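Letter by letter, the sequence shown follows residues 399 to 762 of the numbering used here.
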Amino acid sequence: MDVYVQSAGREPEHDYCWLTVCKRGNFFRKYPPHISAINGLIQSESCSVLLNRYDEDLVLAVTGLRAKERKDYCGRTVRNSVLWVGSIKDEKSFRYLAAKILLDLKNGRGKTLDTIDKSIDFSENFNINEENLEELKSGELSETEFNEVKSGLLEVQNDEVTHDTLVDSLSKIPFNEDSRDYKIKMILNYFKFGFHFDKNILTGLLQDNHNLNISSAEERKTLLLKRMIAKNTPCHTEELIRDLTVDEVSRLIEKWNVFPCVVVTDKKNPETLKEAGVWRGLSNLVEGEDWEITGKVKSSKKKNNPPSHPVIPGIIIPHMEMDKIKQFEDNLKKILREKSRPVIKEIENIIKHLKDRHDSTNNR
């Protein structure tokens, strides 16, 4: 399970960026997978929720959450975004966490949003690791300077490293005197982001119980195979939560091999949601008071259908020995054993035609 968080520090040099956890347990900058496709479906700067499958990745993203207490150097409230990346086996946990987030957003606050808020905080820690060193390598240092910096930093890489310790280590590197202060400050900013998060708390949200105490309206279950969009209202949000938490959704995924894409955002063109084939989409740009059905859920499982065009024996097999015909007959029956009787009957007629043709040819 991977978790990515976008936030900002208190100081102007600690602007918004995405972080994830590296092997050492501290953080490095990295964009989440599929972030361009995700941003194409939501207004990411506003409170938005997206649940979708991209290839083998199952993604739950929540964006634009206003921090309770954290403000930047201008007194502006910091906004947090979190993105979980799992696999299809996590689908129930992802659906229920999405539902709990939507329920809190509908109510204005709640336990789940409070837990997310508490898991992200300002930090003065430096994150020295191989991943951040690789990013520094593509920066403004010469190859010689980078190798000197890398050697010096790897000697002091631990979670207790301080600003003074790093400055002392970097001061030993023979930078050009005109650029020394600038480069030292630049290097320090590569390893300090101004915030951190607790991955265990955020993944723990997926392991909570799946009881939301929300009754599932029976009439909603008949709509599970419909794709629908509506205006982003509390009423529609509650109906979406019910749709997300019925057990039939798991069976929909298993039987149809389709994961229901869910998008809840502030302002997104309804046509964008329709073109993306979202299962449930809420946007304030959707007109009307009711849900609009935009299509049907279609199975993505491959079917072994019989050919749609007529089979013409004389064209398919112009010359065939009797043992080959028998082998052909056995193979076809094996393939079509589970198919309808009319299809098997048609194949049997074809085989009879081939046998008769073979016999007539030999009697000439």
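Note that beta-carbon positions come from the ideal geometry of N, C-alpha and C, so glycine has one too. Please read all numbers here as calculations on a predicted model, not as lab measurements.
In terms of alpha-carbon separation, which member of 563, 492, 491 and 637 lies closest to residue 526?
563
For residue 422, I'd like the list of residues in its chain whose CB is within less than 7 Å of its CB, leaving aside the five on either flank, ordered along the chain.
527
Boundaries of the alpha helix (DSSP H) in which residue 448 is found, first to last residue
Where residue 448 is concerned, there is no enclosing alpha helix (DSSP H), although the beta strand (DSSP E) it sits in stretches over 446–452.
Touching or not, the region 657–675 and the region 446–459, by the rule of three or more beta carbon pairs under 8 Å?
yes
For a quick check, are the C-beta atoms of residue 663 and residue 504 less than 7 Å apart?
no
Please work out which residues of its chain come closer than 7 Å, Cβ to Cβ, to residue 440, disregarding the five sequence neighbours upstream and downstream, and give them in chain order.
446, 448, 461, 661, 663 and 666
Do residue 491 and residue 623 have their beta-carbon atoms positioned less than 7 Å apart in this structure?
No, the pair does not count as a contact, with Cβ atoms beyond the cut-off.
Could you compute how far the alpha carbon of residue 648 sits from the alpha carbon of residue 426?
35 Å
For residue 696 and residue 672, what's the separation of their Cα atoms in angstroms?
Roughly 14 Å between the two C-alpha positions.
Could you give the first and the last residue of the continuous alpha helix (DSSP H) run that contains residue 633?
632–642
Pairing CB atoms from the region 501–520 with CB atoms from the region 560–579, are three or more of them under 8 Å?
As far as the Cβ criterion goes, the region 501–520 does not touch the region 560–579, which means the pair count is below three.
Quick one: is the Cβ of residue 571 within less than 6 Å of any heavy atom of the ligand MG?
Questions concerning the ligand MG fall outside what the structure shown contains, since it holds no ligand whatsoever.
Residues of its chain near residue 599, where Cβ-Cβ distance is below 6 Å and the 5 sequence neighbours each way are ignored
517
May I have the straight-line CA-CA distance separating residue 519 from residue 479, to the nearest angstrom?
13 Å
Distance, Cα to Cα, residue 677 vs residue 625?
4 Å
When you compare the CB positions of residue 639 and residue 458, do they come within less than 7 Å of one another, or not?
no
Residue 497 and residue 643 closer than 7 Å at C-beta
yes
I need the DSSP call for residue 412, collapsed to helix, strand or coil.
coil
Spatial neighbours of residue 573 within its chain, please: C-beta separation below 7 Å, excluding the five flanking residues on both sides.
543 and 581
Assign residue 410 to one of two classes, buried (16 or more other C-beta atoms within 10 Å of its C-beta) or exposed (fewer than that).
exposed
For the beta strand (DSSP E) that contains residue 507, what are its first and last residues?
Here residue 507 belongs to no beta strand (DSSP E), and DSSP marks it neither H nor E.
Proximity to residue 550 [Cα-Cα], best of 402, 429, 465 and 586
Nearest in C-alpha terms to residue 550, of all of 402, 429, 465 and 586, is 586.
By Cβ distance below 6 Å, which residues in the same chain neighbour residue 548 in space, the five residues on each side in sequence not counted?
531
Euclidean distance between Cα positions of residue 675 and residue 477
One C-alpha to the other measures close to 29 Å.
Could you give the distance in angstroms between the alpha-carbon of residue 455 and the alpha-carbon of residue 627?
Within the model, the alpha-carbon separation for residue 455 versus residue 627 is close to 24 Å.
Inside the region 424–505 only - beta strand (DSSP E) runs reaching at least 3 residues:
List check, beta strand (DSSP E) in window: 425–427, 446–452, 455–469 and 475–484.
Cβ pair residue 482, residue 559 closer than 7 Å:
no
Since I believe residue 463 is in contact with residue 514 (beta carbons under 8 Å), could you give me their beta-carbon distance rounded to a whole number of angstroms?
6 Å
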